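Okay, so the sequence shown: first residue is 1 according to the UniProt record's numbering, each after it adds one.
Glycine included, each C-beta is placed from N, C-alpha and C at the ideal position.
Fair warning: this is a prediction, and the values are worked out from it, not measured in the lab.
Okay, structure first, notes after.
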Amino acid sequence: MALVTGAVGDQGSDSGDDDDPTAFIYAKCNSRKIPGGSAFWGNLGTTLYQVVQNTAYSDYDFHTQNGGRNSPAFARGTCDTQVLTTISPQEDCTDCLTHLFNHIWSICNDAIGAEVKLNACSLRYEQYRFW
């Protein structure tokens with residue numbers, strides 16, 4: 001995997017704000033790309049959606065897989081409770097992971113495996129079990 005040192009966000013810049021839950025920390029992106037038409041796309045989409053929806057309600061650390069033997073997708077999401085607000089940490093966690101879900105494709109250019117860390121959350125996906 002290659003380390004990406006650029007920034008993430010709607011403006012494409014790192015805010016540098018330790019209080020910003022979506023401040024970019026790092027990205028590790030596999031140099032191989034997901035082939036067009038691959039069943040992995042569908043399995044990965046389902047897997048990442050499940051991670052986004054469940055991490056905040058699973059002690060802020062959730063992993064799952066989809067796809068069986070054919071093009072399996074494995075993913076894990078985590079949220080840092082030290083960064084999340086105390087008013088609505090579950091909502092903040094889900095918002096952070098949703099932000100990552102919406103940007104991971106452009107950050108890692110459709111990589112077949114990736115790990116991206118923001119200030120308050122991280123998301124990793126692979127074709128193999130890594131937990």
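C-alpha distance - GLU115 paired with ASN70, whole-angstrom precision: Position 115 of the sequence shown, counted from the start, is the residue given in the question as residue 115. Position 70 of the sequence shown, counted from the start, is the residue given in the question as residue 70. Cα to Cα, the separation comes out at about 22 Å.
Backbone CA spacing between THR85 and ILE34 [nearest angstrom]: What you label residue 85 is simply residue 85 of the sequence shown in a count that begins at 1. What you label residue 34 is simply residue 34 of the sequence shown in a count that begins at 1. Cα to Cα, the separation comes out at about 36 Å.
Integer-rounded CB distance, given that ASN54 should sit under 8 Å from ALA73: Counted from its first residue, the sequence shown places residue 73 at position 73. Counted from its first residue, the sequence shown places residue 54 at position 54. About 15 Å separates the two Cβ atoms, so there is no contact after all.
DSSP state of ALA75 mapped onto helix, strand, coil: Here residue 75 refers to the residue found at position 75 when the sequence shown is read from its first residue. Strand.
Any non-hydrogen atom of the ligand ZN within 6 Å of SER71 CB: The ligand ZN is not part of the structure shown, which contains no ligands of any sort.
Secondary structure, beta strand (DSSP E): runs of 3+ residues fully inside the stretch 65 to 131: 73 to 79, 114 to 118, 121 to 126
Cut-off 8 Å between Cβ atoms - residues of its own chain near GLU91, not counting five sequence neighbours on either side: On the sequence shown, position 91 is the one that residue 91 refers to. Apart from the 5 residues on each side of it in sequence, GLU91 sits with its Cβ closer than 8 Å to the Cβ of ALA56 in its chain, given in chain order.
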